[in-house]
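All remarks here apply to the structure that follows.
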Amino acid sequence: MKSRRRPYSEQRPQDLGGGVWSVPVPIPGNPLGYTLVYAVESPKGPVLVDAGWNHPDAWEALSGGLAALGLDVGTVSGVVVTHFHPDHAGLAGQVKERSGAWIAMHENDAALVRLMHAYPVDEHESFQSDMLRRAGADPGEVRQAVSRPMPPALPDRELRDGDLVDLPGRKLRAVHTPGHTPGHICLHLEDADRLFTGDHILPDITPHVGIYPYDRDDVDPLGDFLDSLDRVGELGPLDALPAHEWIFPDVAARAAEIRHHHEEKLVRLRALLAQQPEPQTIWEVAAMMTWNRPWDDLSPMLRGMAAGEAAAHLRALEARGQISRVPDVDPVRFQALDS
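If you're matching positions, the sequence shown starts at 1 in full-length UniProt numbering and goes up one per residue.
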């Protein structure tokens with residue numbers, strides 16, 4: 001089954017067959033429009049894949065959408081969160097309060113959620129400000145870009161790669177696909193050749209892959225993401241049920257397209273750095289890169305996200321030995337190495 005992206009106002013809950021349903025849940029004020037929350041049939045009560053944004057309108061859409069499909073949110077037995085972002089995990093806590101459902105996510109994202117709950121607000125703001133400064137943002141942008149998202153509910157269960165979700169009568173297996181977040185998972189419904197892809201693979205856009213703090217040199221999220229694309233591709237031409245946009249066939253073909261997109265982007269970025277007479281800060285690199293809008297039109301928050309993505313691409317090039325960071329400078333700067 002395949003549909004095309006339409007405004008949220010035109011979205012409707014759908015019976016996808018085989019004991020799987022989808023419910024569009026709005027993301028207020030976000031250009032993505034909505035999260036597709038999926039329900040999978042279980043004799044213990046439906047299990048949700050993601051839950052949507054924590055907002056009264058979103059809750060009404062989720063509970064009402066399930067009801068329109070003949071399902072009761074009060075009978076949900078579990079919520080599997082593909083990753084901890086608020087448009088996926090936000091309502092998981094409310095679902096748990098209503099039904100007693102368990103919440104599950106990958107152990108890496110669970111660790112981040114615990115950290116978010118434990119981190120004092122003032123320390124978080126200082127952390128973000130210093131991160132932006134070290135990236136080369138000017139003080140005015142630093143003040144405007146600092147934000148603190150509300151942490152989602154703590155999970156009751158932690159998943160690892162290959163674990164089966166508690167779904168009697170079905171085989172729903174976690175596939176660890178880090179990149180968009182360290183603990184992102186896709187979920188392979190093995191008895192139906194379907195893959196719930198979360199944000200890892202979307203039919204038209206590519207997910208944000210950033211690095212935080214921007215100047216870390218001990219991780220390579222874009223490299224992890226590219227490896228995860230290859231891994232999903234090895235599953236074959238499964239039907240993809242993504243968290244945004246629309247359902248589409250042949251997830252392996254789309255995974256190959258996204259990998260090609262990032263490889264081309266890496267080639268362009270290295271060439272761009274090679275043209276610069278001096279080493280560049282992360283902020284300077286982000287301003288030179290191509291985004292869906294001109295850099296000058298991006299809000300401070302979006303510039304911060306763009307810088308995170310620029311940093312991930314710089315780190316991937318550094319890990320491949322194609323660029324290097326200048327030692328002992330603040331803010332951090334990068335330069336191309338001779339081919």
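Each residue gets a CB set at the ideal place from its N, CA and C atoms; glycine is no exception.
Predicted, not measured: the structure shown is a model, and the values here were computed from it.
Next on the checklist: With a threshold of 6 Å on Cβ separation, who are the neighbours of Val95 within its own chain once the five nearest residues in sequence on each side are excluded?
Outcome noted: Ala51, Val76, Val79, Ala101
Next on the checklist: So, does the segment 49-66 touch the segment 104-124, judging by three or more C-beta pairs under 8 Å?
Outcome noted: no
Checklist entry - In terms of residues, what are the limits of the beta strand (DSSP E) holding His106? => result 102-106
Checklist entry - Are there 16 or more other CB atoms within 10 angstroms of the CB of Pro149, so buried, or fewer, so exposed? => result exposed
Checklist entry - On the three-state DSSP scale, how would you describe Arg315? => result helix
Next on the checklist: Only counting the same chain, and skipping five residues up and downstream in sequence, which positions put a Cβ closer than 8 Å to that of Leu337?
Outcome noted: Gly321, Gln322, Ile323, Ser324
Item to check | Nearest-angstrom Cα separation, counted from Gln275 out to Ala174 | outcome: 43 Å
Item to check | At least three beta-carbon pairs within less than 8 Å, the segment 80-88 to the segment 183-200 | outcome: yes
Next on the checklist: Assuming His176 is part of the alpha helix (DSSP H), what are its boundary residues?
Outcome noted: Not the alpha helix (DSSP H): His176 falls in the beta strand (DSSP E), residues 172-176.
Next on the checklist: Under DSSP, the alpha helix (DSSP H) around His260 begins and ends at which residues?
Outcome noted: 251-274
Checklist entry - With DSSP run on the structure shown, which of helix, strand or coil describes Phe334? => result strand
Item to check | CA-to-CA distance, Pro151 to Gly93, given in whole angstroms | outcome: 11 Å
Checklist entry - Under the rule that 16 or more other beta-carbon atoms within 10 Å means buried, what is Arg12, buried or exposed? => result exposed
Next on the checklist: Whether or not the segment 263-277 and the segment 311-318 are in contact is what I'm after, with contact meaning three or more pairs of Cβ atoms, one per stretch, closer than 8 Å; do they touch?
Outcome noted: yes
Item to check | Whole-angstrom distance between Thr35 and Ile247, CA atom to CA atom | outcome: 12 Å
Item to check | Ile282 beta carbon less than 8 Å from that of Gly74 | outcome: no
Next on the checklist: Given a cut-off of 8 Å on the beta-carbon distance, is the pair Asp217 and Pro237 in contact?
Outcome noted: no
Next on the checklist: For Asp140 and Ala287, I'd like the C-alpha separation in whole angstroms.
Outcome noted: Here residue 140 turns out to be Gly, not Asp, going by the sequence shown. Computed Cα separation, rounded: 16 Å.
Next on the checklist: Given this structure, state the Cα-to-Cα distance separating Gly233 from Ala253, to the nearest angstrom.
Outcome noted: 7 Å
Next on the checklist: Whole angstroms are fine: how far does the CA of Leu112 sit from the CA of Asp301?
Outcome noted: Here residue 301 is Met; the residue named in the question, Asp, does not match the sequence. Answer to the nearest angstrom: the Cα atoms are 21 Å apart.
Checklist entry - Hey, out of Met289, Ala243, Val267, Leu172, whose CA is closest to Asp193's CA? => result Leu172
Checklist entry - Is Leu222 closer than 8 Å to Ile185 when the C-beta atoms are compared? => result no
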